[in-house]
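In this note's numbering, the protein residues as written are 79 to 182.
Beta carbons: idealized from backbone N, C-alpha and C, even for Gly.
In this text the structure is predicted, and so the values were computed from the model without any measurement.
Only one structure is covered here, and it is reproduced in the block below.
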Amino acid sequence: MTRKALIGFLVLLGGGLFLIPINSAPPAHTRIILEHTYKTYIAPPCFEQAQATNNLGEWNLAKARELNYKAESSCTEELLKPERKPVFKLVAEKIGLTSGQWNW
């Protein structure tokens with residue numbers, strides 16, 4: 079009886095851990111537009127409203143941070159904020175079952 083109870087407890091614990099929300103930051107490979115004149119980066123959904131010159135490049139978030147570029151607007155900051163997600167959702171994104179928030 080105690081063995082069944084222990085197995086049941088472990089199954090519930092494992093299932094519960096999958097439901098606990100954790101903070102998820104945008105991955106380093108998130109596609110970003112770099113504005114080299116002002117040394118800023120722009121999230122693609124925010125590009126139409128951005129104040130950008132023609133001195134643009136397309137990189138990833140890791141490169142923008144490496145260059146110490148700043149977010150161009152509050153739109154970009156808002157779209158790149160960490161999000162609380164359950165562990166099962168993060169796992170599904172990592173293995174490609176669902177599309178992530180930052181997959182533009």
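Asked                                                                                                                                    : Found
Cα-Cα separation between arginine 162 and asparagine 101, rounded to whole angstroms                                                     : 4 Å
As assigned by DSSP and simplified to three states, the class of proline 99                                                              : strand
Own chain partners of valine 165 with C-beta closer than 7 Å, once the 5 adjacent residues on each side are dropped                      : Leu95, Phe96, Ile98 and Ile100
Limits of the unbroken beta strand (DSSP E) element including glutamate 161                                                              : 161-164
Closest Cα partner of asparagine 138 within the set Ala106, Arg81 and Leu88                                                              : Ala106
CA nearest to the CA of proline 104, picked from Ser177, Pro160 and Ser152                                                               : Pro160
Nonlocal neighbours in the same chain, by C-beta distance under 7 Å from alanine 51, ignoring five residues either side                  : The chain is shown from 79 up to 182; residue 51 falls before or after that span and cannot be answered.
Contacts around threonine 176, its chain only, beta-carbon distance under 8 Å, and the 5 residues preceding and following it disregarded : Lys167 and Ala170
Buried or exposed (CB count within 10 angstroms, at least 16 for buried), alanine 142                                                    : buried
Alpha carbon of isoleucine 85 to alpha carbon of glycine 93, nearest angstrom                                                            : 12 Å
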